[in-house]
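Worksheet for the structure shown next.
Numbering (the working numbering), first residue to last: 33 to 404.
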């Protein structure tokens, strides 16, 4: 779609042709090298065979060798020449294989940026307490994104993080998933540093409803089941019912076997979000993350999806990342981030009364809503 949006089919075709030309040039160079090698090799073998046959014939003429000896020498030379003719081809095959092996070893030697420590314990939790303690982090060591972040989400509570774009909100979710290790400080689940825990067990305890729901080019059933691949068809349909998308799915011509297209392009934004909710429900995580889950939807869809998110968050430890402040008014605590720092915290009422960053954003969004 991006290519078509910018009318760049010809540009992409030229890039593809350029890649093909490079491959063709490399193949021609390889075959030229092989041809030169084969010609030289054949010339050496031919000269050697000619000289040896000449010597053998001279030996027969002088009486030092019999005709049988000449036939024997000829047979030996033929048996030697045929394998030698394959050396050029074998050289090319071996050379290519060695190149591929070097690339393979290069991939195998890649170091994981985030690795489990030997003997890391498995996380077991049902009502987890999540805490960030003096967390500093930057994707590039030269540019720090988060500066001493400190907050806690008690078991079953909802904590919302708001702020302008680029303030570091979504980075919190990536760090909780341990996609990256922090520079300093600790992130704890039930007072256990997640760097000391097995990565798989940490990620198994977390479910996310992202802003941009990425669906695989497969069926609706497959995409919902991706939350827990071992789930039965009944469990998949129960999750869809809980996400209020079951009726829509069964109304489709192929029901749950309907293909959603590349990245889910055959579904609307609201439908994709409900599939994402069903997927998160099927996983049944102890910790939920809503990362801008409704920011790309219209007001009607946002209201419906937000009601579902509020319902499934009940009793779960939940981190909500949002731009629209109206979606986080009921959170137990709201954190306001600015340039990697938490500058304000409190309930909606408390933050409005402070007349600070949050109050300014609230007034701006309310005025924009009134203008619409």
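Quick reminder that beta carbons are idealized off the backbone N, C-alpha and C, glycines included.
* **Contacts around residue 421, its chain only, beta-carbon distance under 6 Å, and the 5 residues preceding and following it disregarded** => Given that the chain is displayed from residue 33 to residue 404, the structure contains no residue 421 and the question cannot be resolved.
* Using a Cβ-Cβ cut-off of 6 Å (strictly less than) and excluding sequence neighbours within five positions of residue 225, which residues of its own chain qualify? -> Cβ within range, chain order: 218.
* Paired residues, beta bridge with residue 369 - DSSP -> Per the DSSP secondary-structure output, residue 369 pairs in a beta bridge with 195, 374.
* To do: Ignoring anything shorter than 4 residues or poking outside the segment 132-215, list the alpha helix (DSSP H) runs there in chain order.
  => The segment 132-215 contains these whole alpha helix (DSSP H) runs: 201-208.
* Asked: Between 55, 125, 154, 322, which lies nearest to residue 245 when the distance is taken from Cα to Cα?
  -> Comparing Cα-Cα distances from residue 245 to each of 55, 125, 154, 322, the minimum goes to 322.
* Buried or exposed for residue 361, please, with buried defined as at least 16 other CB atoms from any protein chain shown within 10 angstroms of its CB. => Exposed.
* **Same chain only: Cβ atoms within 6 Å of residue 298, ignoring 5 sequence neighbours per side** => Excluding residues within five positions, the ones whose Cβ falls inside 6 Å are 292.
* Thinking C-alpha only, which one of 66, 206, 163 is nearest residue 190? -> Nearest of 66, 206, 163 to residue 190, Cα basis: 163.
* From this set, 216, 196, 364, 373, which residue's C-alpha is nearest residue 380's C-alpha? -> Minimum Cα distance to residue 380 is reached at 364.
* List the DSSP bridge partners of residue 354. => DSSP lists 194 as partners of residue 354.
* To do: Compute every distance between the C-beta of residue 166 and the non-hydrogen atoms of the ligand FAD, then say whether any falls below 8 Å.
  => Looking for the ligand FAD in the displayed structure turns up nothing, as the structure carries no ligands at all.
* Asked: Considering only residues of the same chain and omitting the five flanking positions on each side of residue 206, which have a CB-CB separation below 8 Å?
  -> Cβ neighbours of residue 206 beyond the five flanking positions: 212.
* To do: Identify, in the order they occur along the chain, each residue of the same chain with its Cβ nearer than 6 Å to the Cβ of residue 154, setting aside the five sequence neighbours on each side.
  => Shown here for residue 154: same chain residues with a beta carbon closer than 6 Å to its own, the five before and five after excluded, namely 230, 233 in chain order.
* Put residue 387 into one of helix, strand or coil per three-state DSSP. => Looking at residue 387 - three-state DSSP - the assignment turns out to be coil, as it is neither helix nor strand.
* **residue 239, enclosing beta strand (DSSP E) - first and last residue** => Counting along the chain, residue 239 sits inside the beta strand (DSSP E) bounded by residues 238-241.
* Can you list the alpha helix (DSSP H) stretches of 4 or more residues lying completely in the segment 228-314, in chain order? -> The alpha helix (DSSP H) runs lying completely inside the segment 228-314 and spanning 4 residues or more are 231-236, 252-257, 265-274, 278-283, given in chain order.
* Residue from 274, 290, 92, 265 whose Cα sits closest to the Cα of residue 249 -> Closest in C-alpha terms to residue 249, from the list 274, 290, 92, 265, comes 290.
* To do: Indicate the three-state DSSP secondary structure (helix, strand or coil) for residue 322 in the structure shown.
  => When secondary structure is reduced to three states using DSSP, residue 322 falls in the strand class.
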